[in-house]
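Report on one structure; see the data block that follows.
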Amino acid sequence: MAERAFHVARLPGFATTAIIVFVALYLPIFTLVAYSFNASTSLAVWGGFSLDWYAKAWDNQQVKDATIRSLIIASFAAAISTTVATMAALGTTRRRAFKGQTLIYVAINQPLMVPEIVTAVALMIVFGLIKVWLTSIGMGGLTTGLGYLILAHSAFCIPFAYLPIRARLEGMDLTLETAAADLYASPWQTFRRVTLPLLAPGMIAGAMLAFVISLDDVVITEFVKSGGQDTLPTYMLGQMRRQLTPEINAVSTMLLGLTVVLLTAFFLLTRKKT
Amino acid sequence: MTEAVTIEARNAVKAFGQGDHAVRALDDVSIQIRKGEFFTLLGPSGCGKTTLLRLIAGFEMPTSGAILLDGADITELPPNKRPVNTVFQSYALFPHLSVAENVGFGLTMQGRPKAEVDRRVAEMLALVKLETMAGRKTSQLSGGQQQRVALARALAPQPKVLLLDEPLSALDLKLRKEMQVELKRLQTETGITFIFVTHDQEEALTMSDRIGVMSAGKLQQVGSPKDIYTRPVNRFVASFIGETNFMNATVVPGGVKLGTGDVIEVPTTRPGAVTVTVRPEQVRLVAAGEAGAIAASVKFLVYFGTDTHCHLELADGTEVVARLQSPANGEAGIESGQSVGLRFAPGAAQVLED
Numbered sequence: 001m002a003e004r005a006f007h008v009a010r011l012p013g014f015a016t017t018a019i020i021v022f023v024a025l026y027l028p029i030f031t032l033v034a035y036s037f038n039a040s041t042s043l044a045v046w047g048g049f050s051l052d053w054y055a056k057a058w059d060n061q062q063v064k065d066a067t068i069r070s071l072i073i074a075s076f077a078a079a080i081s082t083t084v085a086t087m088a089a090l091g092t093t094r095r096r097a098f099k100g101q102t103l104i105y106v107a108i109n110q111p112l113m114v115p116e117i118v119t120a121v122a123l124m125i126v127f128g129l130i131k132v133w134l135t136s137i138g139m140g141g142l143t144t145g146l147g148y149l150i151l152a153h154s155a156f157c158i159p160f161a162y163l164p165i166r167a168r169l170e171g172m173d174l175t176l177e178t179a180a181a182d183l184y185a186s187p188w189q190t191f192r193r194v195t196l197p198l199l200a201p202g203m204i205a206g207a208m209l210a211f212v213i214s215l216d217d218v219v220i221t222e223f224v225k226s227g228g229q230d231t232l233p234t235y236m237l238g239q240m241r242r243q244l245t246p247e248i249n250a251v252s253t254m255l256l257g258l259t260v261v262l263l264t265a266f267f268l269l270t271r272k273k274t
Numbered sequence: 001m002t003e004a005v006t007i008e009a010r011n012a013v014k015a016f017g018q019g020d021h022a023v024r025a026l027d028d029v030s031i032q033i034r035k036g037e038f039f040t041l042l043g044p045s046g047c048g049k050t051t052l053l054r055l056i057a058g059f060e061m062p063t064s065g066a067i068l069l070d071g072a073d074i075t076e077l078p079p080n081k082r083p084v085n086t087v088f089q090s091y092a093l094f095p096h097l098s099v100a101e102n103v104g105f106g107l108t109m110q111g112r113p114k115a116e117v118d119r120r121v122a123e124m125l126a127l128v129k130l131e132t133m134a135g136r137k138t139s140q141l142s143g144g145q146q147q148r149v150a151l152a153r154a155l156a157p158q159p160k161v162l163l164l165d166e167p168l169s170a171l172d173l174k175l176r177k178e179m180q181v182e183l184k185r186l187q188t189e190t191g192i193t194f195i196f197v198t199h200d201q202e203e204a205l206t207m208s209d210r211i212g213v214m215s216a217g218k219l220q221q222v223g224s225p226k227d228i229y230t231r232p233v234n235r236f237v238a239s240f241i242g243e244t245n246f247m248n249a250t251v252v253p254g255g256v257k258l259g260t261g262d263v264i265e266v267p268t269t270r271p272g273a274v275t276v277t278v279r280p281e282q283v284r285l286v287a288a289g290e291a292g293a294i295a296a297s298v299k300f301l302v303y304f305g306t307d308t309h310c311h312l313e314l315a316d317g318t319e320v321v322a323r324l325q326s327p328a329n330g331e332a333g334i335e336s337g338q339s340v341g342l343r344f345a346p347g348a349a350q351v352l353e354d
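Have a look at this one:
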């Protein structure tokens, strides 16, 4: 028999390590979900099965407001970052290698590398300056509103939208666009009838990834938001300062459910068609 | 065939890169392609044939020179404004569209009414015998079927010129032979001017009305398959198309003198040292010492079934191959080491330009 190639799965202790890792990854989540059905008011003491906390969360106006705010911000952030990322991907892949290409990649992916807290503080300062200036020119009405959060979220979502779109573009046959032009399609028609439909799975994947990333953000939101602009994650963080009840488990579980649905759709869409 | 010119390239130059690193993919090429002809651009990879095709399609702009269609300068016209369609080497079928939508794409982009598009698509699918595949995705088709869709798609808008960029290279031998016949049939039925790019000399000889042989960005010779094969102008054309023998010679009154001292009658206007070429099938073997025959010795024989190639050496060391039709029993009746005489069929020897 031929000598077998090295495989990490055959190392001694592989199974044990794998089990420990999976337990560490998933036990907390299972615990969270299980205790969301806890009838007791304590996070740690099981008091029997109940759906009360879901009902409570559902009736909680603050939770509702924060959820709606989160969804609005995530929708805008996903749409804006996907549009920008699509243009960036078209600009960085449709040409021969150029000077400064790496610099541009780094610039686009900056939010992945710069510590989020630094971006958060920076945004807070810049938005603060803008708000002072707006007030000074008598446009103080523009110093509140979700625009600032949407702008901030759109910015840090760009690399998440960019990566799947770029991957999709790099796999695309450029001859197809040449063929469209050969068959009397104007540059716009070529983009609309050929490039865009072929790019759509990448754009949908990018948008969903951006949506989930935005939905989950705490640090930047916490620094940028104005009073009364809690998103779901910052609302939950705020609850930490009070008595925590399994209501937070129920909210988390619903958020988890939404994320799982979106990520499943993401994988189904990016899966290679055979 | 009418002699009207459909496509003309005038002093077309295409240089890639800049300054000292510039490479001339196309170096001052002028060519006239006639209306309704099957014209083949033949040459090895990198000879500039695809670049010339891309200039005609409008995918590239010439560095200098002009492209004319029916006498009008179309050099500045983008590809979507040229009544010229292309069959791509990779087919480039749109994967998100059905077979029928692919075929109808050009007509739709031209803004033709839907009824006309549908009628034309049905006609084209019938022409390439794919009526039953209209609703399929292109990925569900075989290579040969995809090739037919690409043809139908490019022919549907009734272009003045159809460009074919090595369209058969991805097919296996049997399918390639079928498609050669198919292409010839489509060209005859539609009457559209075909410009076909290939590096396969056999394909070029069997399909074309005329062939343009290209090398190193230059057009070496333009002519009918027979012209090109029997009257190659230079060493490149002679060796690229078919097999041939080369012999060094000097021009003497009434012909040329080979290195062996033998004089062959061949008309030439050139003085001095020249190269003479003779196709292997035009070399006849005769008995050694026969008057007027060139003395040679047999080095070895290669059996090809229908033919036997006899490799010979002349007195001055020049190698010559004679292609002999194999006799019924397959034995050529000669052996290596044997002394023979050889003659060239009348008119078979050619003096090359270089």
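Protein chains in written order, with the numbering used here: chain A, 1 to 274; chain B, 1 to 354. Glycine included, C-beta positions come from ideal geometry on N, C-alpha and C.
At the C-beta level, TYR35 of chain A and LEU43 of chain A come within 9 angstroms of one another. Secondary structure of GLY223 of chain B (DSSP, three-state): strand. For the pair of segments examined, the stretch 61–80 of chain A was found to touch the stretch 212–219 of chain A: the number of CB pairs separated by less than 8 angstroms reaches three. Here the alpha carbon of THR86 of chain A sits roughly 36 angstroms from the alpha carbon of SER45 of chain B. Here DSSP, grouped into helix, strand and coil, assigns ALA89 of chain A to helix.
In this structure, the alpha-carbon of GLU319 of chain B lies about 48 angstroms from that of VAL128 of chain B.
Rounded to whole angstroms, GLU265 of chain B and LEU155 of chain B show a C-alpha spacing of 50 angstroms. Look at GLY65 of chain B here: in three-state DSSP terms it is strand. Cα atoms of ALA152 of chain B and ARG10 of chain B: separation of roughly 30 angstroms, rounded to the nearest angstrom. Runs of the alpha helix (DSSP H) lying entirely within the stretch 44–119 of chain A and spanning at least 4 residues, in chain order: 52–59, 61–93, 101–108, 110–113. Counting the other CB atoms within 10 Å of its CB gives ASP182 of chain A a total of 16 or more, which places it among the buried residues.
In the DSSP annotation of this structure, the continuous segment of the alpha helix (DSSP H) that includes LYS174 of chain B starts and ends at 173–190. The three-state secondary structure of ASN38 of chain A, taken from DSSP, is strand.
At least one C-beta of chain A is nearer than 9 angstroms to the C-beta of VAL84 of chain B. Distance from VAL321 of chain B to ASN245 of chain B at the Cβ level is roughly 6 angstroms; contact confirmed, criterion being Cβ atoms closer than 8 angstroms. The beta carbon of LYS56 of chain A lies closer than 7 angstroms to those of GLU247 in the same chain, with the five residues before and after it left out.
In the three-state reduction of the DSSP assignment, SER239 of chain B falls in the helix class. If only uninterrupted alpha helix (DSSP H) runs of at least 4 residues are considered, those enclosed by the stretch 100–138 of chain B are 114–127. Taking 8 angstroms as the upper bound on Cβ-Cβ separation, chain A lies near no residue of the stretch 289–311 of chain B. The C-beta separation of LEU199 of chain A from ILE150 of chain A comes to about 24 angstroms, leaving the pair out of contact by the 8 angstroms criterion. The beta carbons of ILE104 of chain A and THR92 of chain A sit about 6 angstroms from each other, so the pair counts as a contact at 8 angstroms.
Taken in chain order, the members of the stretch 191–215 of chain A whose beta-carbon sits within less than 7 angstroms of a beta-carbon on chain B are VAL194, PRO197, LEU198.
For the pair PRO197 of chain A and ASP217 of chain A, the CB atoms are not nearer than the 9 angstroms cut-off.
Taking VAL197 of chain B as the centre and dropping the five residues before and after it, the same chain places the C-beta of LEU41, LYS49, THR50, LEU53, LEU164, ASP165, GLU166 closer than 7 angstroms to its C-beta, in chain order. Under the Cβ criterion of 9 angstroms, LEU90 of chain A is not counted among the residues facing chain B. The Cβ-Cβ distance between VAL351 of chain B and PRO267 of chain B falls below 9 angstroms. Among the bridge pairs identified by DSSP, ARG343 of chain B is matched with B:ARG284.
It is roughly 11 angstroms from the alpha-carbon of GLU131 of chain B to the alpha-carbon of ARG148 of chain B. DSSP places HIS153 of chain A inside the alpha helix (DSSP H), whose first and last residues are 147–170. In chain order, TYR35, ASN38, SER40 place their CB closer than 8 angstroms to the CB of TRP46 of chain A, counting only its own chain and leaving out the 5 sequence neighbours on each side. In its chain, beyond the 5 residues on either side, ALA250 have a beta carbon closer than 6 angstroms to the beta carbon of TYR54 of chain A.
For the stretch 174–190 of chain A, residues whose beta-carbon sits nearer than 7 angstroms to a beta-carbon of chain B comprise THR175, LEU176, THR178, ALA179, ALA181, ASP182, LEU183, TYR184, ALA185, SER186, GLN189. Classified as buried, GLN282 of chain B has 16 or more neighbouring CB atoms from the shown chains inside 10 Å of its CB. Within the stretch 101–115 of chain B, PHE105, GLY106, MET109, GLN110 place their CB atoms closer than 8 angstroms to a CB of chain A, listed in sequence order. Listed along chain A, the residues sitting closer than 7 angstroms to HIS96 of chain B by beta-carbon distance are PRO197, LEU198. Taking a beta-carbon distance threshold of 9 angstroms, LYS81 of chain B counts as an interface residue toward chain A.
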